[in-house]
Amino acid sequence: MTKFLALDFETADNGADSACAIGLVRVEQNKIVQRSYFLIRPPRDSFLFTHIHGITWEDVALAADFSQVWPQFSHLFEDIDFIAAHNASFDKRVLYACCDAHNIARPEHNFICTVQLARRAFRIYPTKLPDVCRHLEINLEHHQALSDAEACARIVIAANHHAKKI
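Under my numbering, the first residue of the sequence shown is numbered 1, with each subsequent residue one higher.
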């Protein structure tokens with residue numbers, strides 16, 4: 001049975017290495033088995049996206065940087081089949097940039113994009129995360145990293161259930 005990790009990053013600025021929060025949700029046999037959330041001190045104190053996610057430099061100034069947080073959640077990547085994210089290219093870019101910036105080996109898993117999955121499985125348009133969640137009746141606190149990651153996990157689970165009905 002499939003094991004996967006859904007994740008979502010929030011970033012401070014336009015730099016892919018500027019992760020300021022990460023939400024991770026591990027799923028095994030279509031059940032959520034672990035949720036994790038971390039604030040991350042980005043490499044710069046410039047925050048361009050506070051108006052989106054509400055996180056400020058003051059919130060993360062004393063937080064651990066990515067290299068210090070990584071050991072607290074890296075085990076979640078073990079023995080998974082794929083990583084799921086909404087607009088996966090963004091989260092993949094952030095994950096890889098943060099790993100590269102701290103000389104951490106990149107996780108070598110395939111990414112599943114829940115934007116594409118929602119289009120294929122449910123024919124949902126538009127496919128912004130709030131739209132997909134509304135359609136599938138998934139609770140969402142948009143741009144809160146753990147909530148977004150859990151929503152991605154629930155989209156994959158719903159698609160798995162939908163595929164079994166066909």
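Just so it is clear, CB atoms sit at the ideal spot from N, CA and C, and this is done for glycine as well.
Counted within 10 angstroms of its Cβ, other Cβ atoms place residue i as buried (16 or more) or exposed
i, result
"S89", "exposed"
"Q144", "buried"
"H53", "buried"
"H86", "buried"
"R154", "buried"
"T56", "exposed"
"A19", "buried"
"S147", "buried"
"A159", "buried"
"V33", "exposed"
Alpha-carbon spacing of residue i relative to residue j, whole angstroms
i, j, result
"F73", "L5", "11 Å"
"F66", "A21", "10 Å"
"A63", "R41", "5 Å"
"F38", "D59", "11 Å"
"L48", "D79", "36 Å"
"R134", "W70", "32 Å"
"A105", "V156", "26 Å"
"G15", "I83", "22 Å"
"D91", "D8", "6 Å"
"A101", "P107", "14 Å"
"A97", "I138", "30 Å"
"Q116", "Q68", "33 Å"
"I166", "L95", "Residue placement at I166 cannot be trusted, given a pLDDT of 45 that sits under 50; what the coordinates show is reported in the next sentence. Straight-line Cα distance between these residues: approximately 34 Å."
"I124", "H161", "16 Å"
"C152", "G23", "11 Å"
CB-CB length for residue i against residue j, believed under 8 Å
i, j, result
"D81", "T11", "So it is not a contact: roughly 26 Å between Cβ atoms."
"P126", "H142", "Not quite, the Cβ-Cβ distance comes to about 14 Å (not below 8 Å), so this is no contact."
"E150", "R35", "7 Å"
"A163", "A121", "7 Å"
What are the start and end residues of each continuous beta strand (DSSP E) run of 3 or more residues lying completely inside the region 52-126, in chain order?
If only uninterrupted beta strand (DSSP E) runs of at least 3 residues are considered, those enclosed by the region 52-126 are 82-85, 110-113.
Using 8 Å as the threshold, is the region 12-32 in touch with the region 111-118, meaning 3 or more CB pairs across them?
No, the region 12-32 does not touch the region 111-118.
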